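These notes are about the structure you will find just below.
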Amino acid sequence: MRENYFEDGKWWVSPYNFTPEVRKELALPPRVEIHDATLRDGEQTPGVVFSIDDKIAIAQKMDEVGVERLEAGFPAVSPQDAEAIKQISKLGLKSRIFTFARAMKADIDMALECGADGVVIEVPIGYPKLVTQFGWTWRDVFEKSRDVINYAREQGLYAVFFPYDTTRARPEDLTDLCTAIMNESPPDSIGIVDTMGCATPEAIKYMVRWVKGMTGLPIEIHTHNDFGMGVATELAAVTAGAEVVHSCGNGLGERTGNAALEELMLGLDLLYGYETGYRFDKLPELGELLSQRANVPIARNKPVLGYGNFIRESGIGIQYVMNDPLVMFGTHPAFTGRSGEVVLGKKSSKASVVYKMGELGLGEITDDQSAEILTRVKQKGIEKRDTLTDGEFTRIVDDVRAG
């Protein structure tokens with residue numbers, strides 16, 4: 082595991098992430114894997130439908146980026162979903178292929194028919210779900226799960242037990258369920274699922290330690306972003322010992338979405354020091370592919386993928402954007418396949434004008450001309466309520482020179 086906070090020309094994050102005082106409080110596992118659910122949970126974004134070709138293309142790009150596990154779909158949803166999983170399983174990807182399943186042997190058989198390596202077995206445990214939606218007790222959940230978990234493992238599948246809405250379960254229900262499962266049908270791993278995205282990082286850390294203590298199993302964390310903390314809570318789970326984080330590319334998913342794949346990747350590698358080997362330079366390609374196939378645009382200030390992340394309008398420090406970007410950014414734009422850009426508008430300075438003149442090859446100007454150009458640039462930015470195009474700037478320069 083890496084312990085440095087910078088690598089020359091690539092990134093420069095906070096050194097306090099790696100101080101002994103901070104690290105001694107963490108229970109980081111030796112290795113963390115990403116289980117990406119874009120092809121299942123991401124498609125549950127309202128209005129998003131992936132074709133078989135879409136799913137194949139996305140799976141291939143995720144494999145290229147280095148995602149360890151792909152949840153390729155829920156075969157019981159439709160014959161098309163099942164066919165997509167079958168085709169993905171035959172691609173020879175390095176990523177292991179998982180399917181989503183209900184606690185039903187028929188769903189396990191579908192996973193086997195699709196050529197999957199593992200299965201995520203979903204059951205409810207959140208108290209609002211049990212008491213209102215299903216009318217079940219924890220024992221009902223156990224009795225529905227027991228034989229299915231055992232059957233999946235007997236068939237050679239890696240079985241993830243996935244009691245969803247975990248963070249709203251009554252302590253006694255979760256304790257009784259985990260105890261019974263471990264006595265009669267221990268899975269390969271167990272998920273802590275923050276279905277409504279309503280748990281704090283501190284609560285998640287507590288639950289990881291608690292469930293790991295009850296079961297001794299590897300812990301998988303699956304969160305949603307309803308309170309804007311999906312990535313934070315998953316990384317918090319890792320600091321308490323969780324070995325697998327679940328994600329969706331571009332933060333797709335129901336309601337406010339799932340923990341974003343690209344943010345987790347950078348967080349694990351740069352902020353916590355895991356030497357992941359992920360292809361960060363390929364993330365823009367993956368993000369654009371997902372945006373096109375899902376027909377969901379990427380916000381301009383979206384972490385990692387937003388097109389505005391390395392654009393600088395403010396004149397302060399403008400000279401560093403292109404020449405020494407780690408002064409202005411935590412990562413060099415090229416680290417994630419991007420480039421820095423200087424734009425002009427209301428917040429620009431004389432240095433911005435001089436830089437843009439050089440970039441566009443517009444020659445030299447006097448100090449008086451620079452001041453006049455800057456005044457007009459600011460006026461245009463205010464009037465337009467946006468930044469200027471290169472053409473608009475060039476016309477201002479020509480007008481000022483013409484007198």
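This note's numbering applies: residue 82 is where the sequence shown begins, and numbers increase by one. Glycine included, every Cβ here is placed at the ideal spot set by N, Cα and C. All values derive from a computational prediction rather than experimental measurement.
With a contact defined as Cβ atoms closer than 8 Å, residue 343 and residue 126 miss out at about 16 Å. Contact check between the region 347 to 357 and the region 310 to 329: three or more CB pairs, one atom from each, fall below 8 Å, which counts as touching. Exclusion of the five residues before and after residue 87 leaves 93 as the residues of its chain whose Cβ lies within less than 6 Å of its Cβ. Here the region 382 to 396 makes contact with the region 414 to 431; the two share three or more CB pairs at distances below 8 Å.
Taking a cut-off of 8 Å for Cβ pairs, the region 252 to 269 and the region 216 to 227 touch, as three or more such pairs fall below it. The C-beta distance from residue 233 to residue 202 rounds to 7 Å, short enough to fall under 8 Å. Checking the DSSP bridge columns, you'll see residue 480 has no partner listed. Taking a contact as a CB-CB distance under 8 Å, the pair residue 196 and residue 171 counts as one, their CB atoms being some 7 Å apart. Restricting attention to 442, 387 and 433, the CA atom closest to the CA of residue 420 is found in 387. In the DSSP annotation of this structure, residue 202 is not part of any alpha helix (DSSP H); the continuous beta strand (DSSP E) holding it starts and ends at 199 to 205. Leaving aside the five residues that flank residue 410 on each side, the residues in its chain whose CB is nearer than 7 Å to its CB run, in chain order, 391. Within the region 377 to 423, the complete alpha helix (DSSP H) segments at least 4 residues long are 399 to 404, listed from N- to C-terminus. Within the DSSP secondary-structure output, residue 162 pairs in no beta bridge. If you compare the alpha carbons of 480, 238 and 441 with that of residue 269, the shortest gap goes to 238. Residue range 282 to 296 is occupied by the alpha helix (DSSP H) that includes residue 294. A Cβ-Cβ separation of about 4 Å places residue 418 in contact with residue 362 under the 8 Å criterion.
For residue 239, no alpha helix (DSSP H) run applies; the uninterrupted beta strand (DSSP E) run containing it begins and ends at 239 to 245, by DSSP.
Note that the C-beta distance between residue 151 and residue 178 is below 7 Å. Going by beta carbons, residue 312 and residue 340 fall inside the 7 Å limit.
Residue state for residue 92 is assigned as strand, using DSSP reduced to three classes. Residue 123 counts as buried, since no fewer than 16 other beta carbons sit within 10 angstroms of its beta carbon.
Looking at the DSSP output, residue 275 sits in a beta bridge with 304. Each of 366, 286 and 297 was checked against the Cα of residue 330, and the nearest Cα belongs to 366.
Counting other Cβ atoms within 10 Å of its Cβ, residue 264 stays below 16 and is therefore classed as exposed. Its chain contains 306, 338, 339 and 341 as the residues whose beta carbon lies nearer than 7 Å to that of residue 332, once the 5 sequence neighbours on both sides are disregarded; these appear in chain order.
Residue 144 places its beta carbon 7 Å or farther from that of residue 186.
Between residue 275 and residue 304, the gap from beta carbon to beta carbon is short of 7 Å.
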